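As structure tokens, the structure follows; a few thoughts come after it.
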Amino acid sequence: MEWIIENEILRVTVNGHGAEMTSVCKKETGEELLWTADPSVWGRHAPLLFPYCGKLKDGRYTHKGTVYEGGGHGFARDMDYVLEEKTQDSITLKLEANALTMEKYPFAFRLLVTYQLDGNTVRHKVSVANDGEEEMPFGIGFHPAFLCPFDAQHKAEDYVVRFSQPETPTQIMTGQTDGLVTGEKAVYFEQQTEIPMSDEIFAHDSICFTDLKSARMSLVEKDTGKAVNVEVTGFPYVLLWSAAGPLHFVCIEPWMSLPDARDADGEWTHKPCAAVLSEGEQYEVTLSMEFAR
756 MEWIIENEIL RVTVNGHGAE MTSVCKKETG EELLWTADPS VWGRHAPLLF
806 PYCGKLKDGR YTHKGTVYEG GGHGFARDMD YVLEEKTQDS ITLKLEANAL
856 TMEKYPFAFR LLVTYQLDGN TVRHKVSVAN DGEEEMPFGI GFHPAFLCPF
906 DAQHKAEDYV VRFSQPETPT QIMTGQTDGL VTGEKAVYFE QQTEIPMSDE
956 IFAHDSICFT DLKSARMSLV EKDTGKAVNV EVTGFPYVLL WSAAGPLHFV
1006 CIEPWMSLPD ARDADGEWTH KPCAAVLSEG EQYEVTLSME FAR
């Protein structure tokens, strides 16, 4: 099922499957601002990553002697949520642990996913609660894909990803084929503010940054100044990604945790995570996306 929320500037469509935004429309012009999920390129729009980000080593992990299998980015993006609350400009959807999720993640979690419009900004808040007795480690991340080029008159080279201040970011290296953290790091560049886009920049998969000082990362159309501004304060990792080949979209992905390392032992409780919740505890994280177009 889909729901629409709107204000004077934006009309946003949210699908109950995955609690995923499937459209962000600028009402004045009718422009679509979010990637349209063409399955021949990449068939998603803005999935939520839970209870882990990226890949598991060998596609599995172990908890209390039981092996659990899982694909990339966890299962929350592929589950059906129920409507918790809706107003004209906001919506909250809920996913609770059930028989299907227990086969993949043996914890009594509860997710509340809220989208709130504020002018030309979409705030995507996720609340995670532990309704069980056992301590609950988890990872979480965001994966929004923004249409790029913004229109047919521009090409990939007309865009940059811009930091809000000069950066010397650390790049965490991951394997191109296995997606696992290799243990290697590199300085991406020194005291610069812009990463030029091109049709080749993501030929070797994503770029994972840590140690950022910027409060914001923006996808900017150079000649017009039109931009999508993503607040990244408080996120230890931010990834840039798009499908290989001609540029159709750019993902700016703030994550609270990383994929498995190549030397991971597979034990769930040994995996670096966003948080560990005790019984009854809650955790909240919010992604703000300003569509300054």
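In my numbering, the protein residues as written are 756 to 1048. Virtual Cβ for every residue (Gly too), placed ideally from N, Cα, C. Since we're looking at a predicted model, the values are computed, not measured.
Between residue i and the rest of its own chain, which residues show a CB-CB distance below 6 angstroms, the 5 nearest in sequence each way excluded?
| i | result |
| --- | --- |
| residue 1036 | 885 |
| residue 1030 | 1038 |
| residue 825 | 811, 859 |
| residue 943 | 924, 926 |
| residue 799 | 792 |
| residue 1007 | 972, 985 |
Can you tell me whether DSSP reads residue i as helix, strand or coil?
| i | result |
| --- | --- |
| residue 1023 | helix |
| residue 831 | helix |
| residue 814 | helix |
| residue 912 | helix |
| residue 821 | strand |
| residue 850 | strand |
| residue 935 | coil |
| residue 988 | coil |
| residue 855 | helix |
| residue 898 | coil |
| residue 893 | strand |
| residue 772 | strand |
Is the separation between the beta-carbon of residue i and that of residue j shorter than 9 angstroms?
| i | j | result |
| --- | --- | --- |
| residue 764 | residue 853 | no |
| residue 867 | residue 831 | no |
| residue 934 | residue 810 | yes |
| residue 969 | residue 926 | no |
| residue 1043 | residue 878 | yes |
| residue 855 | residue 846 | no |
| residue 938 | residue 952 | no |
| residue 960 | residue 1000 | no |
| residue 958 | residue 797 | no |
| residue 1034 | residue 922 | no |
| residue 987 | residue 981 | no |
| residue 774 | residue 872 | no |
| residue 1002 | residue 962 | no |
| residue 985 | residue 1045 | yes |
| residue 801 | residue 899 | yes |
| residue 787 | residue 769 | no |
| residue 1032 | residue 901 | no |
| residue 762 | residue 844 | yes |
Would the beta-carbon of residue i be found less than 8 angstroms away from any heavy atom of the ligand PLP?
| i | result |
| --- | --- |
| residue 999 | Judged by which ligands are present, the structure shown has none, so any question about the ligand PLP falls away. |
Note down the Cα distance separating residue i from residue j, rounded to an integer number of angstroms.
| i | j | result |
| --- | --- | --- |
| residue 1013 | residue 807 | 8 angstroms |
| residue 790 | residue 972 | 18 angstroms |
| residue 1017 | residue 1027 | 13 angstroms |
| residue 779 | residue 1025 | 38 angstroms |
| residue 813 | residue 1020 | 11 angstroms |
| residue 840 | residue 880 | 14 angstroms |
| residue 1005 | residue 795 | 16 angstroms |
| residue 948 | residue 967 | 11 angstroms |
| residue 862 | residue 818 | 11 angstroms |
| residue 827 | residue 870 | 24 angstroms |
| residue 918 | residue 820 | 44 angstroms |
| residue 930 | residue 882 | 31 angstroms |
List the DSSP bridge partners of residue i.
| i | result |
| --- | --- |
| residue 784 | None; residue 784 has no bridge partner. |
| residue 873 | 876 |
| residue 917 | 949, 973 |
| residue 1004 | 902 |
| residue 885 | 864 |
| residue 761 | 766 |
| residue 1014 | Partner(s): none; residue 1014 has no beta bridge. |
| residue 943 | Its beta-bridge partners do not exist; DSSP assigns none. |
| residue 795 | Bridge partners of residue 795: none, in fact. |
| residue 1038 | 883 |
Tell me which same chain residues have a C-beta within less than 7 angstroms of the C-beta of residue i, skipping the five on either side of it?
| i | result |
| --- | --- |
| residue 910 | 904 |
| residue 991 | 965, 1011 |
| residue 940 | 925, 926, 927, 928 |
| residue 829 | 804, 805, 806, 807 |
| residue 946 | 921, 923 |
Among residues of its own chain, excluding the 5 on either side of residue i, which ones have a beta-carbon nearer than 8 angstroms to its beta-carbon?
| i | result |
| --- | --- |
| residue 842 | 760 |
| residue 977 | 913, 914, 915 |
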